[in-house]
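Peer 1:
In UniProt numbering, the protein residues as written are 1 to 205.
1) Can you find a C-beta in chain C that's less than 8 Å from the C-beta of residue 145?
2) Going straight from the alpha carbon of residue 163 to that of residue 136, what length do you get?
3) Regarding residue 74 and the ligand GTP, is the C-beta to nearest heavy atom distance less than 7 Å?
4) Taking the alpha-carbon positions, what's the residue 112 to residue 152 distance?
5) In chain order, which continuous runs of the beta strand (DSSP E) of length 3 or greater are located wholly inside the stretch 3-38?
6) Thinking just about the alpha-carbon of each residue, which of 92, 62, 82, 47 is nearest to the one in residue 150?
7) If you run the structure through DSSP and keep just helix, strand and coil, what is residue 97?
8) Can you check which of these residues, 127, 203, 96, 90, is closest to residue 140 by C-alpha distance?
9) Specify, as a first and last residue, the run of the alpha helix (DSSP H) that residue 62 falls within.
10) Residue 251 to residue 197, Cα distance in whole Å?
11) Below 8 Å between beta carbons: does that hold for residue 57 and residue 195?
12) Bridge partners for residue 161 per DSSP, in chain order?
13) Could you check how far apart the C-beta atoms of residue 4 and residue 63 are, in whole angstroms? I think they sit under 8 Å.
14) According to DSSP, is residue 111 part of a helix, a strand, or is it coil?
15) So, helix, strand or coil for residue 156, using DSSP?
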């Protein structure tokens, strides 16, 4: 899956606004929701991250725009060094990163170094009928993982299985992702409720 080992390497081979684009918005809470492998790289993650972030939290994604072969744009989270993302991480108290992984079972794999936040998200999602688990490989437990680079030093990584992401949209292609299902809104609402409580506990932005 990993196509490039740095953003500098990606820029040397890809054309902005043709192969990829970077979009971001600053929020008011010190919490950032990011999809570093968005658009066609891990389809559905951009839409989830943006909806969870609105209207108060910061949002960022690297949007894969290729007709095919977007996986080449993937920079693993421990090496992710795109400058805007790093600046957002530096200026944020807590980071939540949204990723996509394989698997037909609809499940959210929870990772990152904020174990308390994992527990709270697991409870909120279970209450809305979603399954959670720990991924055998993608645990986000390295200090240099993007999700842990906020000022708190601990964050949350969400790995959404393909089966779950397929249930969130009419289809997982770019046009189908413009049409979220009721499951999408239920999923987003559960995550937003947790972040709403989290913002009241964090430092003043």
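Beta carbons are placed, not taken as given, at the ideal position from N, Cα and C, and that holds for glycine.
Peer 2: A quick look at the data gives this:
1) Absent from the structure is chain C; it holds one protein chain and no more.
2) Rounded to whole angstroms, the separation of the alpha carbons of residue 136 and residue 163 is 17 Å.
3) As far as ligands go, the structure on display features none, and thus does not contain the ligand GTP.
4) 12 Å
5) 20-25
6) For residue 150, the nearest C-alpha among the options comes from 92.
7) strand
8) 96
9) Here residue 62 belongs to no alpha helix (DSSP H); instead the beta strand (DSSP E) covers 58-64.
10) An answer regarding residue 251 cannot be provided, because it is not within the stretch 1 to 205 covered by the chain.
11) Yes, the Cβ-Cβ distance between residue 57 and residue 195 is below 8 Å.
12) 101
13) Incorrect: roughly 15 Å between the Cβ atoms, too far for contact.
14) Judged by DSSP in its simplified three-state form, residue 111 adopts strand.
15) strand
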